[in-house]
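So the protein sequences, as listed, match chains A and B. Note that the working numbering gives residue 92 to position 92 of the first sequence, counting from 1, and the numbers run on in steps of one. Note that the working numbering gives residue 64 to position 64 of the second sequence, counting from 1, and the numbers run on in steps of one. Using N, Cα and C, we set each Cβ at its ideal position, and we do this for glycine too. Here is the structure we will look at.
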Amino acid sequence: MIRHTSSRAGFMLFEAMLAVLIFALGVLTLGKCVENCLRAEKFRREEGHARRLLANRMTEILSNAVPLSDKASEKWDKGPWTGMELTTTRAPLELTNEKEQELFGLYQVTLELKWKSGGDTVTRDLLFYIYPRQR
Amino acid sequence: MIRPLFSRTKTNALTILEVMLAVLVLSMIAVAVFQFVRSNLKAISLSSEDINNRLALERLTEVVQEEFFSFPGRGQSTLLSKAVKVGGRDVDSVEWRSKGGPGMMTTAAKGEFVVRLRIRPVERDSSRYEIGFEREQVMSDAILASFRSPVSPPEFVPGDSISRSGKPSGKPDWIPLIPDAYALKVRFYDPRLTTEVAGWTDPGARPSYMRLTITRSADEEPLDAVISIPAAIATQQQ
């Protein structure tokens, strides 16, 4: 990098700048890598919370502990589920038996969980069928 | 005008300034790499700790859920729970009877046991707590056999299991499941009250589900899991 001849002395600063540029690019790339790793880790953590939340809510619904309406939303503002929004949708299943008779009382429940992660909106769904207790 | 930073006319050797500059640059790179590696190691450590916490809860949930699947739909329930607060932290416990299976962590149990899921100090007077199963034999095989026809076994009475079962087997053993826990909260959904309640003392009824809330440290968010009790749901559907 160090030039000793006077005729090429002007080239040295350019070389130094180039070296600094390459080094800076390397550092920036490294930083980006770390940022991506942290983002992936944060997402993995959120994903775990989301799975647990969906599983918990499914158990509550199957235990008849949560009254169901056709559509309901819930948002959390504290705890591990901060910023997550759960939309519960219930729709009757249009099924028939072998005699082509309509089957009543069966519903499809969809749990849709949305949250913001790194500027993007992430959605996770859980779909299951229920046969609510006839009161 | 662009000029060389260092110019030498007589010698090709490096000056002390150049060497110092090179060492400085190398040191900066070394420090940067060290910081990078250290922060990565810390991130990995936190990540694996978080994974372990979550897995511990998931595994515990699965074991308890498996046990709950075997609860009979009729007759007296053996599920009992106490809600206790000590110094602001929940130290609840829940117990059931088992003759071997997931809730006992073995299928080779002899006789009948009471299994308690609870939190307790790692050692006497220790400030570190852990969550685990406490297994206590309440009836041996011989006593169980003597209860088989024509006399029915005695009714399960909370807190009175040892005295009614004849000779206890001795000191209960302990299976640690979650080390370094801070609090254990257990809540039950009572379908008659349509709300969650602390503690369960009615052997004549079954809660619809059990909510386990585990806090690993005072400054950490608690994790909770809802565990269904299929026998209760089946009874409700009838």
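Around the Cβ of residue i, are there at least 16 other Cβ atoms within 10 angstroms (buried) or fewer (exposed)?
i: ASN36/A; result: exposed
i: GLU112/B; result: buried
i: VAL151/B; result: Note that VAL151/B scores 49 on pLDDT, short of 50, meaning its location in the model is unreliable; the coordinates nonetheless yield the value given after this. Counting Cβ neighbours within 10 Å, VAL151/B comes out exposed, since fewer than 16 surround it.
i: GLU74/A; result: exposed
i: ALA65/A; result: buried
i: SER165/B; result: With a pLDDT of 43 at SER165/B, under the threshold of 50, the predicted position of this residue should be treated as unreliable, though the coordinate-derived value follows. Counting Cβ neighbours within 10 Å, SER165/B comes out buried, since at least 16 surround it.
i: MET20/B; result: exposed
i: TYR209/B; result: buried
i: ASN53/B; result: buried
i: ARG59/B; result: exposed
i: ARG38/B; result: exposed
i: VAL23/B; result: exposed
i: ASP92/B; result: buried
i: ARG124/B; result: exposed
i: MET104/B; result: buried
i: VAL25/B; result: exposed
i: VAL157/B; result: Legend: pLDDT at VAL157/B = 44, less than 50; position of this residue unreliable, no value from coordinates given.
i: SER63/A; result: buried
i: LEU53/A; result: buried
i: LEU212/B; result: buried
i: ASP90/B; result: buried
CB of residue i to nearest heavy atom of the ligand FAD: below 7 angstroms?
i: ASP190/B; result: Summarising the ligand content, the structure contains no ligands, and the ligand FAD is consequently not present.
Name the two residues that bound the continuous beta strand (DSSP E) containing residue i.
i: TRP81/A; result: No beta strand (DSSP E) holds TRP81/A; DSSP gives it neither H nor E.
i: VAL226/B; result: 223-228
i: LYS75/A; result: 71-75
i: ARG187/B; result: 183-190
i: GLN137/B; result: 129-139
i: THR121/A; result: 120-130
i: LYS114/A; result: 107-117
i: LEU117/B; result: 112-121
i: MET210/B; result: 209-215
i: VAL197/B; result: 195-198
Determine the contact status of residue i and residue j, defining contact as a CB-CB distance below 8 angstroms.
i: GLU102/A; j: THR110/A; result: no
i: ARG90/A; j: SER69/A; result: yes
i: GLU136/B; j: PRO102/B; result: no
i: LEU57/B; j: LEU184/B; result: no
i: ARG124/A; j: ALA50/A; result: yes
i: VAL186/B; j: VAL94/B; result: yes
i: GLU112/A; j: THR87/A; result: yes
i: ASN133/B; j: ARG116/B; result: The sequence as given places Phe at residue 133/B; Asn does not occur at that position. Against a cut-off of 8 angstroms, the Cβ pair of ARG116/B and PHE133/B comes out as a contact.
i: ILE44/B; j: ILE131/B; result: no
i: GLY79/A; j: TRP115/A; result: no
i: LEU93/A; j: LEU106/A; result: yes
i: VAL27/A; j: ALA32/B; result: yes
i: THR78/B; j: TRP96/B; result: yes
i: TYR182/B; j: ALA232/B; result: no
i: THR201/B; j: LEU80/B; result: yes
i: SER98/B; j: GLU67/B; result: yes
i: LYS42/A; j: SER117/A; result: yes
i: LYS82/B; j: GLY199/B; result: yes
i: PHE34/B; j: LEU30/A; result: no
i: TYR129/B; j: VAL122/B; result: yes
Measuring only between beta-carbons, confirm whether residue i sits less than 8 angstroms from chain D.
i: ALA231/B; result: Structure shown: chain D not included; protein chains present are A and B.
**Q.** alpha helix (DSSP H) runs contained entirely in the stretch 20-95 of chain B, provided each spans 4 or more residues
**A.** none
Q) Are the stretch 189-201 of chain B and the stretch 61-75 of chain B touching by the rule of at least three beta carbon pairs closer than 8 angstroms? A) no
Q: Assess, as a yes-or-no matter, whether the stretch 56-65 of chain B is touched by the stretch 170-178 of chain B under the definition of 3 or more beta carbon pairs within less than 8 angstroms.
A: yes
Q. Are the stretch 23-41 of chain A and the stretch 194-209 of chain B touching by the rule of at least three beta carbon pairs closer than 8 angstroms?
A. no
**Q.** Inter-stretch contact (C-beta, 8 angstroms, three-pair minimum) for the stretch 50-63 of chain A and the stretch 219-236 of chain B
**A.** yes
Q: For the stretch 19-74 of chain A, list the beta strand (DSSP E) runs that are entirely contained and at least 3 residues long, ordered along the chain.
A: none
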